[in-house]
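According to this note's numbering, the sequence shown holds residues 11 to 226 in order.
Using N, Cα and C, we set each Cβ at its ideal position, and we do this for glycine too.
The structure under discussion appears below in the form of structure tokens.
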Amino acid sequence: MNIILLGPPGAGKGTQAKRLQDKHGLVQLSTGDMLRELKTSGSKLGDQAKEIMDAGMLMPDDLMIEMISQRIDEPDCKTGFILDGFPRTTPQAEGLDKMLSNKGLKLDSVIEMKVDEQALIKRVVGRYSCVNCGAGYHDSFQKPAREGICDNCGGTEFSRRADDNAETMQTRLATYHEQTAPILPYYRDKGVLKTIDGMASIDEVTGQIEAILPAV
Ligand code: AMP
């Protein structure tokens with residue numbers, strides 16, 4: 011089963027992708043995570059990624075398509091994958107179609123997570139994660155049970171993304187509207203797009219996604 015989660019930054023794509031990964035044995039393919047790793051590599055490309063990401067802009071399409079293509083070829087993706095943060099432009103969506111058909115693969119569902127954008131800024135600006143296990147938290151909405159200690163692994167070190175601030179978030183939202191939202195009709199026309207209410211609770215959103223996934 012191969013799925014795309016679509017929605018603006020902060021819609022909850024990463025949270026839901028992790029749940030689908032755990033429940034269905036699918037692999038979460040987050041281009042944002044891949045690029046954050048590249049950023050720390052010290053390479054020239056990593057430095058370029060840092061500059062573009064910290065400004066809330068997008069990396070070049072060819073690079074992103076190649077990055078995803080190589081990752082899909084790895085053996086763990088055989089059971090299926092969830093694309094989280096890709097495609098983000100029409101050329102990426104078209105490139106993905108071509109790539110999947112060359113590999114003899116297909117998309118099962120494209121799920122749009124519809125959200126209230128004013129709420130997104132508050133969601134994104136307060137979020138942080140455990141450095142050790144990646145569990146996500148929020149200053150107001152999801153604090154660890156014991157302050158400063160990760161509920162999941164007991165870790166005590168946390169980090170915040172450089173681009174999770176109000177100013178960059180405005181640019182990321184504008185980028186979403188200009189470059190990513192136009193791919194929604196592309197998938198609607200193909201008959202694979204399903205829309206869910208991303209403002210519901212995390213568990214309710216998971217329930218909505220489960221209800222529309224094809225039976226496997
Ligand atoms: P995300 O973690 O999905 O919010 O992505 C963080 C940042 O990484 C984005 O704001 C972009 O700068 C970059 N990025 C992630 N995925 C893509 C993509 N598919 N195409 C271009 N840039 C991307």
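- Distances from the alpha-carbon of Tyr138 to those of Ala27, Ser169, Arg98, Thr41 put Ser169 closest.
- For the options Gly105, Lys23, Ser119, the alpha carbon positioned closest to that of Gly146 is the one of Lys23.
- Per DSSP, Asp207 is one residue of the beta strand (DSSP E) stretching across 203–207.
- If you ignore the 5 residues before and after Gly17, its C-beta comes within less than 8 Å of the C-beta of Lys23, Glu122, Met123, Lys124, Val125, Gly208, all in its own chain and listed in chain order.
- Residues of the same chain with a CB within less than 7 Å of the CB of Asp174, apart from the 5 flanking positions on each side, are Val134, Val135, Arg137 in chain order.
- Taking a cut-off of 8 Å on C-beta distances, the region 97–108 touches the region 74–88, as three or more cross pairs fall below it.
- Scanning its chain for C-beta atoms nearer than 7 Å, with the 5 sequence neighbours on each side dropped, one finds around Cys143 the residues Cys160, Asn162, Cys163, Gly165, in chain order.
- With contacts defined by Cβ atoms closer than 8 Å, Thr50 and Ile212 do not form a contacting pair.
- According to the DSSP assignment, Leu183 belongs to the alpha helix (DSSP H) that extends over 176–185.
- One thing to note: Asp118 has its Cβ within 8 Å of the Cβ of Pro224.
- Annotation for Gly35: Thr89, Gly90 place their beta carbon closer than 8 Å to its own, counting only its chain and skipping 5 residues before and after.
- Taken from the Cβ of Leu68, at least one heavy atom of the ligand AMP lies inside 7 Å.
- Shown here, Val135 sits in a helix according to DSSP, grouped into three states.
- Listed in chain order, the non-local C-beta contacts of Thr181 below 6 Å within the same chain comprise Gly66, local neighbours out to five positions each way being set aside.
- Residues Ser119, Val120, Ile121, Glu122, Ile222 of the same chain have their beta carbon placed closer than 8 Å to that of Lys204, with the five preceding and five following residues left out of the count.
- Taking a contact as a CB-CB distance under 8 Å, the pair Met69 and Ile62 counts as one, their CB atoms being some 6 Å apart.
- Taking a C-beta distance under 8 Å as the contact criterion, Lys116 and Ile82 do not qualify as a contact pair.
- The residue from Pro85, Ile92, Gly201 with its alpha-carbon nearest to that of Arg29 is Ile92.
- Between Glu167 and Val141, the gap from beta carbon to beta carbon is short of 8 Å.
- In this structure, the beta-carbon distance from Asp94 to Ala172 does not fall below 8 Å.
- For Val37, same chain residues with a beta-carbon under 8 Å away, outside a window of 5 residues either side, are Gln31, Asp86, Cys87, Thr89, Gly90, Phe91, Ile92 in chain order.
- Pairing Gln218 with Val202, the inter-Cα distance amounts to about 16 Å.
- When DSSP reads this structure, Arg46 sits in no beta bridge, so it has no partner.
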